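Single-structure report; data block below.
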Amino acid sequence: MVTEKKSGLCFFNTLSKKKEAFQSQEEKRVSFYICGPTAYEKPNLSHCRRFVVSDLVSRYLEHKGYEVNSCLNFTDLDDNTIEGARRAGKSLEEFTTEYINGFMEAIDSLNVKRATNYPKASEHVDEMIEIAHELLHKGFAYEKHGSIYFDISKFKRYGRLSGIDLGKIRLGRTVDLDNYEKDNPRDFTLLKRSTLAELKEGIFYETDWGNVRPGWHIECSAMSTKYLGETMDIHTSSRNLIFPHHENEIAIAEALTGKPLARYWLHSELLLVDGKKMSHETGNLVTLEDVVQRGFTPRDLRFLLLLVHYRKPINFSFRRLVNVQTTLRRVDDFTCKLLCLPPGKPHPEVASYVSAMEEQFFSAMDDDLNVSRGMGAIFKFIKRTNPILSMNHLDGDQKKYILESLGKINEILQIFRLAGCPLAPSVNALIQRREVARQGKDWEAADEARDELIRQGIQIIDTATGPAWKCLEKDCAGSAGNKK
RNA sequence: GGCGGCGUAGCCAAGCGGCUAAGGCACUGGUCUGCAAAACCAUGAUUCAGCGGUUCAAAUCCGCUCGCCGCCUCCA
0 MVTEKKSGLC
10 FFNTLSKKKE
20 AFQSQEEKRV
30 SFYICGPTAY
40 EKPNLSHCRR
50 FVVSDLVSRY
60 LEHKGYEVNS
70 CLNFTDLDDN
80 TIEGARRAGK
90 SLEEFTTEYI
100 NGFMEAIDSL
110 NVKRATNYPK
120 ASEHVDEMIE
130 IAHELLHKGF
140 AYEKHGSIYF
150 DISKFKRYGR
160 LSGIDLGKIR
170 LGRTVDLDNY
180 EKDNPRDFTL
190 LKRSTLAELK
200 EGIFYETDWG
210 NVRPGWHIEC
220 SAMSTKYLGE
230 TMDIHTSSRN
240 LIFPHHENEI
250 AIAEALTGKP
260 LARYWLHSEL
270 LLVDGKKMSH
280 ETGNLVTLED
290 VVQRGFTPRD
300 LRFLLLLVHY
310 RKPINFSFRR
320 LVNVQTTLRR
330 VDDFTCKLLC
340 LPPGKPHPEV
350 ASYVSAMEEQ
360 FFSAMDDDLN
370 VSRGMGAIFK
380 FIKRTNPILS
390 MNHLDGDQKK
400 YILESLGKIN
410 EILQIFRLAG
420 CPLAPSVNAL
430 IQRREVARQG
440 KDWEAADEAR
450 DELIRQGIQI
460 IDTATGPAWK
470 CLEKDCAGSA
480 GNKK
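For what it's worth, numbering that gives the first Met the number 0 labels the leading residue of the first sequence as 0, then goes sequentially.
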């Protein structure tokens with residue numbers, strides 16, 4: 000109870016279906032697992048949401064003073080990757096490496112902090128075989144025709160996470176039951192006997208039971224426990240993977256150790272396109288590349304993804320991205336004005352506006368990472384502070400205070416542009432020249448200077464207190480200035 | 001059929017028993033302005049899918065109905 004009060008942070012735990020105060024096992028250290036992607040496709044918006052949500056969790060934990068030991072896996076050994084490599088006429092490794100690199104690029108472009116470890120399934124097969132041995136030994140698994148299956152009937156707590164009642168689910172809904180050779184169709188595969196084609200391609204691992212290849216669930220269990228220990232603090236993923244994947248991951252790990260695999264299970268909702276889950280079958284996949292090709296930045300996308308609470312579905316559309324862009328521009332205009340504001344006289348209340356924003360933002364974040372509510376506090380602050388900026392009613396210390404506060408928030412959101420780049424002297428001279436011309440009502444010369452500025456990537460904005468400028472290029476759009 | 005989730009202004013989205021139902025986008029009006037562009041300011045829900053119920057009090061709790069979404073096993 001004492002620590003609960005100390006951290007103040009609570010998460011909705013899928014295990015209990017309640018918000019719970021977060022408490023790590025070790026004093027100031029959190030172990031954190033993120034279900035990673037399969038390396039056979041380009042990063043799409045669902046992947047992006049998962050990355051951004053996990054980044055939010057991770058950055059917020061760091062804000063809370065925790066050292067985060069995080070692990071995101073890559074599935075590079077499964078039906079999809081093997082099939083993909085075969086079709087591309089490449090080796091499995093060559094094929095998956097290309098996609099893994101793509102994911103890493105996406106992660107970086109979305110400003111997602113790098114995890115501590117990025118294990119690949121293909122490099123942990125020994126551990127998986129070891130797990131299979133042990134499960135067999137403990138009676139949780141059985142061998143049949145060279146494949147090893149997990150015997151669900153032996154694991155009494157099966158279904159706790161998803162709340163599923165095994166007696167009532169509809170078997171064979173998504174899978175052809177005739178293809179099973181398991182004792183019970185509910186059992187799942189740990190190690191799969193290699194096919195002829197796989198043997199030919201060298202995709203097999205020698206074991207006491209013959210040549211095999213691991214199944215998906217055991218891959219995750221092996222990697223998560225290897226890097227984070229028997230019980231990790233937090234396991235995140237998306238909702239549609241609860242059953243059967245996480246349920247199976249739990250079954251494997253807990254049958255092995257008798258301890259819970261994870262203390263907190265955080266599941267993000269799906270990202271929908273046209274109201275439906277993105278999938279190859281539906282043909283409604285939107286990739287990060289598509290978004291960039293349409294002229295949006297990964298930052299726009301990050302903001303869109305962050306704006307909706309992680310446990311709510313996001314119905315993606317490009318129209319929505321446009322809205323988000325406009326919103327972001329308002330924020331940029333604000334920070335830009337702030338950064339370029341010369342010191343004026345102090346404002347009596349601005350400090351209280353800042354502390355109100357901070358308090359509201361962080362208490363919203365403490366409450367299961369409620370970014371939408373937190374953003375509300377930020378916009379309220381911008382609204383109150385905007386008039387103060389246009390009157391230049393802010394002294395140097397206050398400006399610094401605001402920037403520090405936004406900086407603190409930005410450590411988590413990574414949305415604001417707070418690094419102003421200094422105005423080049425030549426640009427400044429042009430602005431001055433235009434002002435002189437304007438004063439002399441020489442509109443031709445003034446417009447000429449304005450055009451030249453545009454050519455240099457600077458847009459001039461006339462305001463009541465004099466001209467301000469804005470950098471049009473994406474890289475330095477955070478920079479802007481006022482004439483003085 | 002089972003399990004889970006969602007339905008709040010034109011769009012997006014907070015609020016989850018009691019302060020005027022946050023905030024963003026769009027619309028409209030205004031300020032500023034040589035022009036342009038931008039910015040800034042102002043304005044919107046007697047009402048929260050529908051119907052009942054519990055309560056002094058419900059968008060918030062309970063029940064039913066309608067609509068939408070996800071999962072239901074050798075795909076990840």
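We put the beta carbon where it would ideally sit given N, CA and C, even for glycine.
For clarity, every value in this text was computed on a predicted model and none was experimentally measured.
Quick check on residue i: does DSSP put it in helix, strand or coil?
| i | result |
| --- | --- |
| Leu-305 | helix |
| Leu-76 | coil |
| Ser-15 | coil |
| Glu-180 | coil |
| Asp-394 | coil |
| Pro-386 | helix |
| Ala-213 | For the record, residue 213 in the displayed sequence is Pro; it is not Ala. Of the three classes helix, strand and coil, the one that applies to Pro-213 here is strand, per DSSP. |
| Asp-332 | helix |
| Pro-421 | In this predicted model, Pro-421 has a pLDDT of only 46, less than 50, meaning its place in the structure is not dependable enough to derive any value. |
| Pro-243 | helix |
| Leu-8 | coil |
| Tyr-204 | strand |
| Glu-142 | strand |
| Glu-189 | As written in the sequence, residue 189 is Leu, which differs from the Glu given in the question. Reduced to three states, the DSSP call for Leu-189 is strand. |
| Thr-37 | strand |
| Glu-25 | strand |
| Lys-258 | coil |
| Lys-119 | strand |
| Ser-351 | helix |
| Met-103 | helix |
| Gly-406 | helix |
Go to residue i, then tell me how far its alpha helix (DSSP H) extends in each direction, as first and last residue.
| i | result |
| --- | --- |
| His-132 | 124 to 137 |
| Arg-49 | 44 to 62 |
| Leu-287 | 287 to 292 |
According to DSSP, residue i sits in a beta bridge with which residue or residues?
| i | result |
| --- | --- |
| Trp-264 | His-234 |
| Lys-153 | Paired residues: none, contrary to the question. |
| Ser-531 | There is simply no residue 531 to check, as the chain begins at 0 and stops at 483 in what is shown. |
| Ala-436 | Looking at the DSSP assignment, Ala-436 forms no beta bridge with any residue, so it has no partner. |
| Phe-315 | Val-272 |
| Asp-366 | Cys-9 |
| Tyr-148 | Tyr-141 and Thr-188 |
| Ala-20 | Cys-9 |
Whose CA, out of the options, lies closest to the CA of residue i?
| i | options | result |
| --- | --- | --- |
| Tyr-148 | Arg-328, Lys-399, Asp-186 and Asp-75 | Asp-186 |
| Met-222 | Arg-159, Asp-273, Pro-118 and Phe-242 | Pro-118 |
| Ser-30 | Asp-461, His-46 and Cys-70 | Cys-70 |
| Asn-110 | Lys-398, Cys-34, Tyr-352 and Arg-58 | Arg-58 |
| Tyr-226 | Ala-261, Ile-202 and Leu-198 | Ala-261 |
| Ile-460 | Asp-332, Arg-319 and Leu-255 | Asp-332 |
| Asn-116 | Gly-282, Ile-33 and Leu-417 | Ile-33 |
| Asp-164 | Ile-233, Glu-133 and Phe-242 | Phe-242 |
| Gly-343 | Val-323, Asp-366, Gln-397 and Gln-22 | Gln-397 |
| Gly-201 | Ala-84, Ala-448, Glu-180 and His-136 | Ala-84 |
| Thr-206 | Phe-73, Ser-362 and Ile-128 | Ile-128 |
| Asp-450 | Gln-438, Leu-429, Asp-441 and Pro-466 | Leu-429 |
| Thr-95 | Glu-82, Asn-409 and Ile-106 | Glu-82 |
| Gln-413 | Leu-304, Ile-217, Trp-442 and Arg-159 | Leu-304 |
| Lys-7 | Leu-368, Trp-442 and Ile-457 | Before going further, note that residue 7 is Gly rather than Lys in the sequence given. Closest by alpha carbon: Leu-368. |
| Gln-24 | Thr-230, Phe-154 and Ala-196 | Thr-230 |
| His-132 | Lys-63, Glu-61, Trp-208 and Asp-75 | Trp-208 |
| Ser-220 | Asn-247, Ser-236, Arg-238 and Lys-199 | Asn-247 |
| Glu-197 | Asp-77, Asn-239, Val-290 and Val-291 | Asp-77 |
| Phe-491 | Asp-441, Val-67 and Arg-328 | As displayed, the chain neither begins before 0 nor continues past 483, which places residue 491 out of reach and without an answer. |
| Ala-355 | Ile-381, Cys-335 and Lys-311 | Ile-381 |
Where does the unbroken beta strand (DSSP E) through residue i begin, and where does it stop?
| i | result |
| --- | --- |
| Leu-270 | 270 to 272 |
| Leu-32 | Note that residue 32 is Tyr in the sequence shown here, rather than Leu. Here the beta strand (DSSP E) through Tyr-32 covers 28 to 33. |
| Ala-445 | Note, Ala-445: premise wrong, no beta strand (DSSP E); alpha helix (DSSP H) at 442 to 454. |
| Arg-113 | Careful: Arg-113 lies outside any beta strand (DSSP E) and carries neither H nor E. |
Please confirm whether any heavy atom of the ligand SAH lies closer than 7 Å to the CB of residue i.
| i | result |
| --- | --- |
| Thr-326 | As far as ligands go, the structure on display features none, and thus does not contain the ligand SAH. |
| Are three or more beta carbon pairs between the stretch 110 to 127 and the stretch 202 to 213 nearer than 8 Å? | Yes: the two stretches touch, three or more of their Cβ pairs being nearer than 8 Å.
| request: Spell out a yes or no on whether the stretch 180 to 199 and the stretch 33 to 45 are touching, meaning 3 or more CB-CB pairs, one atom from each, closer than 8 Å. | output: No, they do not touch.
| Are the stretch 10 to 21 and the stretch 375 to 384 touching by the rule of at least three beta carbon pairs closer than 8 Å? | Cβ pair count under 8 Å is below three, so no.
| request: Count the CB pairs spanning the stretch 291 to 298 and the stretch 264 to 279 that are closer than 8 Å, and state whether there are at least three. | output: Contact fails: fewer than three Cβ-Cβ distances are below 8 Å.
| query | Would you call the stretch 247 to 257 and the stretch 129 to 146 touching, i.e. three or more CB-CB distances under 8 Å? | reply | Judged by Cβ distances under 8 Å, the stretch 247 to 257 makes contact with the stretch 129 to 146, as three or more pairs qualify.
| request: Decide yes or no for the touch test of the stretch 317 to 330 against the stretch 340 to 354: beta carbon pairs closer than 8 Å, at least 3 of them. | output: The stretch 317 to 330 is not in contact with the stretch 340 to 354.
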